[in-house]
Amino acid sequence: MGNDDSNKPGHPNHEYMRERAEQIAQRRQRITYEKKLADRDRLLQDLHVHQIELELQNEELRQSQAKLEFTHQQYLDLYNEAPVGYASLDDSGLIIRSNQMLASMLGMEKYSLTGKALAEFMLPIDQNIFRSRFNAFVKQPQDKHIDVRFKVGDRGTHTSSFIGRIQGRRLDSDNKSGNQHWSETILIVISDVTEIKKSEEKIHYQAFHDLLTGIPNRASLYERLENALALAKRQHSFGALLFMDLDRFKNINDSLGHHTGDKLLIDFTNRIQQHTRKEDMLFRMGGDEFVILLAEQHHDNNIMAVIAQRFAEHIVETLNEPMILGGHSFQITLSIGISIFPFQRKDNLNDVVRQADTAMYQAKKEGGAVARFFQVNMQEMARQRMILEAELRVALVEQQFILYYQPQMRKDGTIYALEALLRWKHPYRGIVTPDKFIHIAEDTNMIVDLGNWVLQTVVKQIIAWQQQKLFDPTIRYAVNISAKQLESSNFYTQVEQIIERYKLDPKCLVFEITESLLLPDNKVATDTLKQLSELNITFSVDDFGTGYSSLATIDTAPIGQLKIDRSFISQLHWSEEQGSPKSSSQYSLVNAILSMGKALELEVIAEGVETEEQLKVLTHLGCKYLQGYYFSKPIPINQIPEILSTDEID
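At position 525 of the sequence shown the residue is numbered 525 (the UniProt record's numbering), and the sequence of numbers has no breaks.
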């Protein structure tokens with residue numbers, strides 16, 4: 001290889017290369033400078049962007065701070081102006097801060113609450129309860145409330161209190177006040193629930209107390225009896241329950257009205273309470289039924305029975321003195337049923353009440369005014385009554401009833417009217433008289449449907465007899481109308497529809513009612529009486545003289561007839577030696593009723609005439625209308641045409 005001199009100084013190529021190198025160096029220097037300028041600008045841009053970003057973040061922080069401050073102020077405003085009491089407590093129960101409502105509720109200045117224990121403002125009896133619940137809350141917060149009584153006014157001289165419902169909530173926050181710092185506080189909300197508690201107590205009281213007499217009711221009895229029965233079983237001892245029913249209270253209630261009846265029940269309750277120990281609980285089951293649960297128990301059932309018997313006798317003695325109400329004197333007697341429990345170890349509280357109730361009905365069946373202990377055979381009687389009630393319902397559906405009729409006579413021996421009397425043609429018991437089942441029908445309200453069936457059946461039969469034209473068309477027909485029928489709001493409409501359906505002249509109908517339905521406070525019944533009287537239906541007051549209706553009531557009521565009760569007629573006697581009636585209170589009463597009927601232009605019928613002697617006295621007194629076995633017993637329907645056509649009774 002030869003030598004190349006082109007790179008040597010002085011060589012033309014050398015200068016060219018030098019020039020090229022300088023150009024390249026200048027260009028590279030310019031690029032580097034430009035790059036440095038670009039990097040600087042880029043850095044400045046980044047710094048500017050970052051500055052703007054920081055400014056935006058600062059603005060956002062300022063806005064958030066403003067919102068936070070606004071929210072905090074709202075919280076404070078709500079806290080301070082809340083309609084309930086607020087208190088922030090530390091874990092020891094001291095008040096950190098409170099609102100004005102709490103201060104007002106406590107009757108204190110707001111500043112005086114800070115730093116004090118909330119429990120100090122409560123009644124002493126509730127302080128320990130609150131502290132115990134509060135300490136448990138501090139350890140394990142729960143969403144439960146507690147009701148405590150707060151003092152109102154200075155803690156040493158408070159004169160009133162209120163019931164506060166306290167609810168707590170654990171708050172996680174940083175709260176600073178002065179040099180104190182709490183990392184956590186408990187927010188306490190206090191509501192005045194005094195009126196709510198009073199309402200709750202009132203509702204509870206009403207649930208367990210009789211509204212009329214104020215004594216514990218059936219629900220309260222079951223609660224107390226359940227505990228007493230459990231105690232007796234646990235200790236193998238015996239207790240006693242007395243079930244009491246006022247004898248003939250229905251007559252008083254029906255005759256003088258519910259207002260007087262209620263007053264009598266209140267007076268009865270007060271008298272019983274005055275003569276019994278506080279620990280012996282008196283309950284009202286409803287109506288005129290009361291129960292006494294004796295507090296003591298004994299391990300010997302015979303001794304417990306003696307204690308119960310003596311107690312029952314004491315109760316009876318307290319009623320020896322009559323009660324005076326509205327000018328009337330009432331001699332109250334009781335039918336008392338006694339259950340020594342447990343009769344069997346398996347008995348529950350319903351068994352105990354049922355046993356005492358069954359014994360009470362046995363006492364009432366014997367005429368009342370006595371006490372009877374529950375016996376096993378009584379349970380069978382109660383079972384039979386339940387069976388009879390069930391059969392009665394079937395009988396009503398299947399119409400197992402028939403009507404007998406008993407003539408009402410004029411004093412000349414001719415038939416004046418026929419009274420329809422109900423009989424139950426039982427599938428296997430035979431003919432059952434009303435005294436065996438009417439009380440069940442009344443107790444179960446079946447009497448309304450039964451009474452309506454009687455009325456419709458009588459009307460149909462009247463039309464059938466009238467079409468035969470075999471007897472005097474002026475004969476009237478008496479139908480017994482129950483109080484529940486007449487007090488029914490649609491009874492008038494039912495009667496009107498029956499009359500219209502069968503085209504019957506209502507003048508031939510006589511509705512027999514009790515005195516109680518004439519009382520002015522029985523508005524539904526009295527209004528219905530007036531309506532029906534406008535149809536020319538005659539009303540007869542049955543068993544007159546045994547109720548409490550006044551002369552004014554009889555004079556203003558729309559009635560046309562009185563029926564003297566058979567209990568007065570049975571006591572009438574004739575003196576053959578004197579040739580005149582024997583003087584007696586019953587004689588005077590019958591004479592007075594006949595005189596009153598004449599003065600008021602009312603027909604008067606003597607019912608229950610069974611002897612010639614009674615007839616002689618009534619004839620002497622001028623009684624025009626008579627009814628009873630002396631003339632005829634109730635007779636079946638197939639014998640009626642014969643006596644109506646002949647107008648004679650053998």
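We put the CB at the ideal spot given by N, CA and C, even for glycine.
Only a predicted model underlies this, so the values are computations on that prediction, with no experimental measurement involved.
Below 8 Å, can you find three or more Cβ-Cβ pairs linking the stretch 344-361 to the stretch 319-328?
no
Within the same chain, show all residues whose beta-carbon is closer than 8 Å to that of valine 448, passing over the 5 residues directly before and after it, in chain order.
Ser482, Lys484, Gln485 and Ser488
Can you give me the Cβ contacts of serine 177 inside the same chain, cut-off strictly under 8 Å, excluding the 5 residues immediately before and after it?
Any reading at serine 177 must be qualified, since the residue scores a pLDDT of 42, below 50, and its modelled position is unreliable; no value is offered.
Proximity to methionine 386 [Cα-Cα], best of Ile402, Leu418, Phe437 and Ile338:
Phe437
I need the boundaries of the alpha helix (DSSP H) containing aspartate 527, first residue and last residue.
523-533
From asparagine 301 to glutamate 289, what distance separates their C-alpha atoms?
25 Å
Does the Cβ-Cβ distance between phenylalanine 238 and isoleucine 166 come in under 8 Å?
no
For the stretch 402-461, list the alpha helix (DSSP H) runs that are entirely contained and at least 4 residues long, ordered along the chain.
438-443
Buried or exposed (CB count within 10 angstroms, at least 16 for buried), glutamine 639
exposed
Contacting residues, own chain, Cβ-Cβ under 6 Å from arginine 218 (five flanking each side not counted):
Met285
Roughly how many angstroms separate the alpha carbons of isoleucine 498 and methionine 304, rounded to a whole number?
59 Å
Enumerate in chain order the residues of its own chain whose CB-to-CB distance from histidine 181 is below 7 Å, with the five nearest sequence positions on each side excluded.
Residue placement at histidine 181 is flagged as unreliable, the pLDDT there being 41, under the threshold of 50; the coordinate-derived value follows with that caveat. None.
Which residues in the same chain as glutamine 468 place their Cβ atom closer than 8 Å to its Cβ, once the five residues preceding and following it in sequence are excluded?
Pro641
Serine 183 - DSSP class collapsed to helix/strand/coil
Confidence in serine 183 is poor, its pLDDT being 42 and thus under 50, which makes the residue's placement unreliable; the coordinate value appears in the next sentence. Note: serine 183 maps to strand in three-state DSSP.
For phenylalanine 568 and serine 584, the rounded distance between their alpha carbons
10 Å
Does DSSP put glutamate 576 in a helix, a strand or coil?
coil
Reduced DSSP category for tyrosine 477 - H, G, I as helix; E, B as strand; rest coil
strand
Have a look at Val604, Ser92 and Glu366 and flag the residue whose alpha-carbon is nearest the alpha-carbon of lysine 411.
Val604
Hey, would you say tyrosine 404 sits closer than 8 Å to arginine 423, going by beta carbons?
yes
Which stretch, first to last residue, makes up the beta strand (DSSP E) that contains isoleucine 95?
95-98
With DSSP as the reference, label leucine 562 as helix, strand or coil.
strand
Out of curiosity, what's the CA-to-CA distance linking serine 335 and threonine 213?
20 Å
When the Cβ atoms of the stretch 614-629 are set against those of the stretch 578-593, are three or more pairs found closer than 8 Å?
yes
If I follow the unbroken alpha helix (DSSP H) through alanine 305, where does it start and stop?
301-318
Distance, histidine 314 Cα to arginine 271 Cα
12 Å
Who are the near neighbours of alanine 363 in its chain, counting only those whose CB is closer than 7 Å to its CB and skipping five residues on each side?
Ser335, Ile336, Gly337, Val370, Ala371 and Arg372
My output table needs one value for glutamate 603: the three-state DSSP class, helix, strand or coil.
strand
Contacting residues, own chain, Cβ-Cβ under 7 Å from alanine 232 (five flanking each side not counted)
Phe238, Gly239, Gln297, Phe341 and Pro342
Using C-beta distances below 6 Å, list every residue in its chain close to serine 183, excluding the 5 sequence neighbours before and after it, in chain order.
Residue confidence for serine 183 is low, a pLDDT of 42 falling below 50, so the modelled location carries little weight and cannot support an answer.
Which first and last residues belong to the beta strand (DSSP E) in which histidine 258 is found?
Premise fails: histidine 258 lies in the alpha helix (DSSP H), 258-274, not in any beta strand (DSSP E).
Could you give the first and the last residue of the continuous alpha helix (DSSP H) run that contains tyrosine 205?
194-208
Proximity below 8 Å, CB of isoleucine 554 to CB of leucine 600:
yes
Between asparagine 253 and the rest of its own chain, which residues show a CB-CB distance below 7 Å, the 5 nearest in sequence each way excluded?
Gly261
Methionine 17 (DSSP reduced to helix, strand or coil):
helix
Beta-carbon proximity list for leucine 536, same chain, < 6 Å, skipping 5 on both sides:
With the sequence shown as reference, residue 536 is identified as asparagine, and leucine is not the correct amino acid for it. Cβ within range, chain order: Pro506 and Lys507.
If you run the structure through DSSP and keep just helix, strand and coil, what is glutamine 627?
strand
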